[in-house]
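Worksheet for the structure shown next.
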């Protein structure tokens, strides 16, 4: 086999390695998505069995992060990727960090669900948490989808959605604040609901982060800490050059 | 200049690059440390000016993370480090991620300090928060010191300290819970104090994470999600082989 063929062979094998890694990241993301919807449902329906399932799933998410992380570093060491391959490995390393934290937050929600299942249920059955949970689950779904399609424009939608989640979270907090004053007997339950709202809000932040890694991966730009306006401007400039 | 000299030259330059990066990580860490103690003092003393300083410092921490992150990726692309050099770059990438999050938490504490400064002060002047804040600041200091000294054993101390912080946090929560029931008039203030306690508790988690990156850097082992007993066993095994 001559040098060129060997190179081609190595490069095909390398592409397969990267593709397999990307698959693993998506599998991990799918599990995190499922954990969010299960944890939210466990709160709304007072389903402690489902909550227990989420708590157990967190161990799997942690193991997946460790395995993918090792694999990424192995690739950095052996394949010494450059340009877009390097950006893909770095983006995957960062994405799994956020997915792992999403798993942690989902686990916390599930633990609160177990505690809440023992308490009286409010009239609206935690509708505000259900709405927030559905929104951030959708955000994570869009982020993972954007990662597969290499679609940096999802980052702008995610920033916008995250602002909505933040507003929903603030509104929920104000409501809980009133409950705390009016129903000191339900303090424990209301505090638990506050923790759930907080965890959901943080999941939104992590989904937004993943959107920013897609921009970095595709455009080579680090837009973290950029405002929505700056982000739209940056991405619009790229459209112009198409 | 012959090939060997050229290699030596490149390797010396590379070492200088790594050393300069490590310095930058330490500078960033020092700023994060300062933010923790300033934010805690702002809460305890009701000092809104100091709190404002912390809020502004967070922008600098974010900029530092971005700059170091770019530099690390540049080194991965150009120098294609392997073995311990690669582990150092990866450990720095992860460390700055945690430092950036510590900055975020300190900023949140500072914002709560501004809100708390307007409210009545409790008799004990938030002594419980002062103690927790001092502990996690010390944890971060030890973690950064362990990074410089390449001392993986600090990881075990950090895990132990983090357990203490978690216990302090749980105790503070129970106390606040009682206050919420007894003093519904102070609900806003007590909720703010709860957020401060929560942010301090999370800073402890991040300091603990940095300890685990030192283990990875020095021993090449990923001990995240390991129990304290597992961690002690792993590190003891290395001592045996000395």
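Residue numbers (full-length UniProt numbering), protein chains in the order written: chain D, 1 to 242; chain Z, 1 to 242. By construction, the Cβ of each residue, glycine as well, lies at the ideal position given by its N, Cα and C atoms. The model shown is predicted, which means the values in this text are computed figures rather than measured ones.
Coil, strand or helix - residue i by DSSP
i, result
"residue 184/D", "helix"
"residue 82/Z", "coil"
"residue 209/D", "helix"
"residue 177/Z", "helix"
"residue 163/D", "helix"
"residue 107/Z", "helix"
"residue 51/Z", "helix"
"residue 118/D", "coil"
"residue 66/D", "helix"
"residue 245/Z", "There is no way to answer for residue 245/Z, as the model of chain Z reaches only from 1 to 242."
"residue 229/Z", "helix"
"residue 153/D", "coil"
"residue 94/D", "helix"
"residue 58/Z", "helix"
"residue 222/Z", "coil"
"residue 46/Z", "coil"
Below-8 angstroms beta-carbon distance, residue i vs any chain Z residue
i, result
"residue 184/D", "yes"
"residue 174/D", "no"
"residue 181/D", "yes"
"residue 75/D", "no"
"residue 141/D", "no"
"residue 54/D", "no"
"residue 241/D", "Any reading at residue 241/D must be qualified, since the residue scores a pLDDT of 44, below 50, and its modelled position is unreliable; no value is offered."
"residue 80/D", "yes"
"residue 86/D", "yes"
"residue 66/D", "yes"
"residue 27/D", "no"
"residue 191/D", "yes"
"residue 90/D", "yes"
"residue 16/D", "no"
"residue 168/D", "no"
"residue 69/D", "yes"
"residue 97/D", "yes"
"residue 188/D", "yes"
"residue 146/D", "no"
Cα-Cα separation, residue i to residue j
i, j, result
"residue 92/Z", "residue 135/Z", "23 angstroms"
"residue 19/Z", "residue 99/D", "31 angstroms"
"residue 67/Z", "residue 14/Z", "18 angstroms"
"residue 179/D", "residue 131/D", "19 angstroms"
"residue 174/D", "residue 192/Z", "13 angstroms"
"residue 194/D", "residue 112/D", "10 angstroms"
"residue 73/Z", "residue 206/Z", "22 angstroms"
"residue 229/Z", "residue 56/D", "21 angstroms"
"residue 26/Z", "residue 214/Z", "14 angstroms"
"residue 120/D", "residue 183/Z", "22 angstroms"
"residue 204/Z", "residue 164/Z", "10 angstroms"
"residue 160/Z", "residue 138/D", "38 angstroms"
"residue 128/Z", "residue 12/Z", "49 angstroms"
"residue 61/Z", "residue 114/D", "38 angstroms"
"residue 155/Z", "residue 220/Z", "14 angstroms"
"residue 39/Z", "residue 33/Z", "10 angstroms"
"residue 168/D", "residue 142/D", "19 angstroms"
"residue 187/Z", "residue 118/Z", "14 angstroms"
"residue 50/Z", "residue 42/Z", "6 angstroms"
"residue 83/D", "residue 150/D", "15 angstroms"
"residue 210/D", "residue 95/D", "6 angstroms"
"residue 226/Z", "residue 86/D", "29 angstroms"
"residue 81/D", "residue 224/D", "23 angstroms"
"residue 208/D", "residue 30/D", "16 angstroms"
"residue 124/D", "residue 189/D", "14 angstroms"
"residue 102/D", "residue 116/Z", "30 angstroms"
"residue 47/D", "residue 157/Z", "38 angstroms"
Where the alpha helix (DSSP H) containing residue i begins and where it ends
i, result
"residue 140/D", "127-149"
Test: residue i CB closer than 8 angstroms to a CB of chain D
i, result
"residue 234/Z", "no"
"residue 111/Z", "no"
"residue 62/Z", "yes"
"residue 19/Z", "no"
(message) Output needed in chain order: residues of the region 206-223 of chain D with a Cβ under 7 angstroms from some Cβ in chain Z.
(response) So the close ones are 222.
task: Taking a Cβ distance cut-off of 8 angstroms, strictly less, list which residues of the region 113-129 of chain D are near chain Z, in chain order.
output: Close to chain Z, meaning a Cβ-Cβ distance shorter than 8 angstroms, is no residue of the region 113-129 of chain D at all.
Original post:
Got a sec: which bits of the region 36-47 of chain D sit with their beta carbon under 9 angstroms from any beta carbon on chain Z, in order along the chain?
Top reply: Listed in sequence order: no entries.
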